[in-house]
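K.L.:
Before I ask anything, let me first share the structure, which is written out below as structure tokens.
Numbering (UniProt numbering), first residue to last: 1 to 328.
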């Protein structure tokens, strides 16, 4: 028996969690490094001189040289990369070419607005999808109520297929312009959150509701559900205590992916509603060729997606200790 084998046999009971934590931490570090390197290379892959493109053709050569020097673009590429990593480790994202403000301040001012509508949309999607999915599973189990099943499936497929920005435009036209029930632009109060949040949540809620229904139908056919029914437990107790928790594992996985997609989907929805978040900021920065701001916002979006995926993996491992996430 080798020393490694002997050590492995002496590992405590928590060893699967240790291996899981080390494996996920390693993947996260590699993913973060790839993201940082891709964001760094973005400004160097732009054809021509990015500073000249940002300042415009009328800018004097002296101004272009001064701005290139201030951004460190005259240094060797490896030195620029090291400075870039050093600045990021200190929370310094550079300076906006348009406003002259630190990129970290621009992001800090706009990030809360984006997190608000993404978070509210995610909660709304869960609040709608879980009851609707469970209700449709109970209603249509055993092949009953075919018309209700067809209507639910058709509606959910159509909603899931429509892009968020088209839903946003439709909501603006119907509830903002035609009926005047809600503001259509800006972040001016509680009412201004309604349409952006609904536009972001509609598609994910439809997808989650379909998944909850499918998982719930599978759980309702399980032996332990028949045992619970044989004990003459109330139906609501069977559904909520025994069936629903076992049906939510796959829903949690897809829910985390949808949350990541919601954060990315804010880019288009924010521009439809003139929402002062990172989505509208990155579009304005691209049009203005403000590459430091674009670079910073891309990093924030990428890190957000990686952290959401990590949180989902941890939650799945906690809910299902037999998950292949821990055993692989």
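Heads up, the beta-carbon is just placed ideally off N, CA and C, and yes, glycines get one too. Keep in mind that this is a model prediction, so the values were computed, not measured.
1. Which whole runs of the alpha helix (DSSP H) in the region 157-198 are 4 residues long or more, in chain order?
2. Rounded to whole angstroms, what is the Cα-Cα separation between residue 261 and residue 160?
3. Rounded to whole angstroms, what is the Cα-Cα separation between residue 84 and residue 114?
4. In the DSSP assignment, the alpha helix (DSSP H) including residue 93 goes from what residue to what residue?
5. Who are the Cβ neighbours of residue 298 in its own chain at under 6 Å, not counting the five residues just before and after it?
6. Span of the alpha helix (DSSP H) holding residue 122?
7. So, helix, strand or coil for residue 40, using DSSP?
8. Short check: CB of residue 276 to CB of residue 93, under 8 Å?
9. So for residue 58, helix, strand or coil by DSSP?
10. Does the region 102-119 touch the region 263-273, meaning 3 or more C-beta pairs lie closer than 8 Å?
11. Give a yes or no on whether 8 Å exceeds the smallest Cβ distance from residue 271 to chain D.
12. Select from 33, 203, 34 and 97 the residue whose C-alpha is nearest the C-alpha of residue 290.
13. Nearest-angstrom Cα distance between residue 44 and residue 248?
14. Assuming residue 149 and residue 203 form a contact by the criterion Cβ under 8 Å, report the distance between their Cβ atoms to the nearest whole angstrom.
15. If the criterion is Cβ atoms closer than 8 Å, does the pair residue 122 and residue 317 meet it?
16. Under a three-way DSSP split, which group does residue 97 fall into?
17. Taking only the alpha-carbon atoms, compute the straight-line gap between residue 273 and residue 217 and give it to the nearest angstrom.
18. By how many angstroms is the C-alpha of residue 303 removed from the C-alpha of residue 59?
19. Are at least three pairs of beta-carbons, each pair with one atom in the region 181-198 and one in the region 131-139, less than 8 Å apart?
P.N.:
Let's see:
1. 164-171
2. Here residue 261 is taken as the residue at index 261 of the chain shown, counted from 1. Here residue 160 is taken as the residue at index 160 of the chain shown, counted from 1. Approximately 13 Å between the Cα atoms of the pair.
3. Position 84 of the chain shown, counted from the start, is the residue given in the question as residue 84. Position 114 of the chain shown, counted from the start, is the residue given in the question as residue 114. Their Cα atoms are separated by approximately 26 Å.
4. Here residue 93 corresponds to residue number 93 of the chain shown, with the count starting at 1. That residue, residue 93, is in no alpha helix (DSSP H); it is neither H nor E in DSSP.
5. Start at 1 with the first residue of the chain shown, and residue 298 comes out as number 298. Counting only Cβ-Cβ distances below 6 Å, and skipping sequence neighbours, we find 39.
6. Translated into the one-based positions of the chain shown, residue 122 becomes position 122. 103-140 is the span of the alpha helix (DSSP H), which, as asked, contains residue 122.
7. Stepping through the chain shown from its first residue, residue 40 is reached at position 40. The answer is helix: DSSP assigns residue 40 an H, G or I state.
8. In the chain shown, counting from the first residue as 1, residue 276 sits at position 276. In the chain shown, counting from the first residue as 1, residue 93 sits at position 93. Their beta carbons are not under 8 Å apart, which means residue 276 does not touch residue 93 by this criterion.
9. Here residue 58 refers to the residue found at position 58 of the chain shown. The DSSP-derived three-state label of residue 58 is coil.
10. yes
11. Absent from the structure is chain D; it holds one protein chain and no more.
12. Indexing the chain shown from 1 puts residue 290 at position 290. Per the Cα distances, 97.
13. Translated into the one-based positions of the chain shown, residue 44 becomes position 44. Translated into the one-based positions of the chain shown, residue 248 becomes position 248. Straight through space, the alpha carbons of residue 248 and residue 44 are spaced by roughly 44 Å.
14. To locate residue 149, count along the chain shown from 1; it is residue 149. To locate residue 203, count along the chain shown from 1; it is residue 203. That pair is no contact at about 20 Å.
15. Your numbering for residue 122 matches position 122 in the chain shown. Your numbering for residue 317 matches position 317 in the chain shown. No; because the gap between Cβ atoms is not below 8 Å, this pair is not in contact.
16. Taking the chain shown and counting its residues from 1, the one referred to as residue 97 is at position 97. In this structure, residue 97 counts as coil in the three-state DSSP scheme.
17. Within the chain shown, numbered from 1, the residue matching residue 273 stands at position 273. Within the chain shown, numbered from 1, the residue matching residue 217 stands at position 217. Residue 273 and residue 217 have their alpha carbons spaced roughly 39 Å apart.
18. Translated into the one-based positions of the chain shown, residue 59 becomes position 59. Translated into the one-based positions of the chain shown, residue 303 becomes position 303. Approximately 35 Å between the Cα atoms of the pair.
19. no
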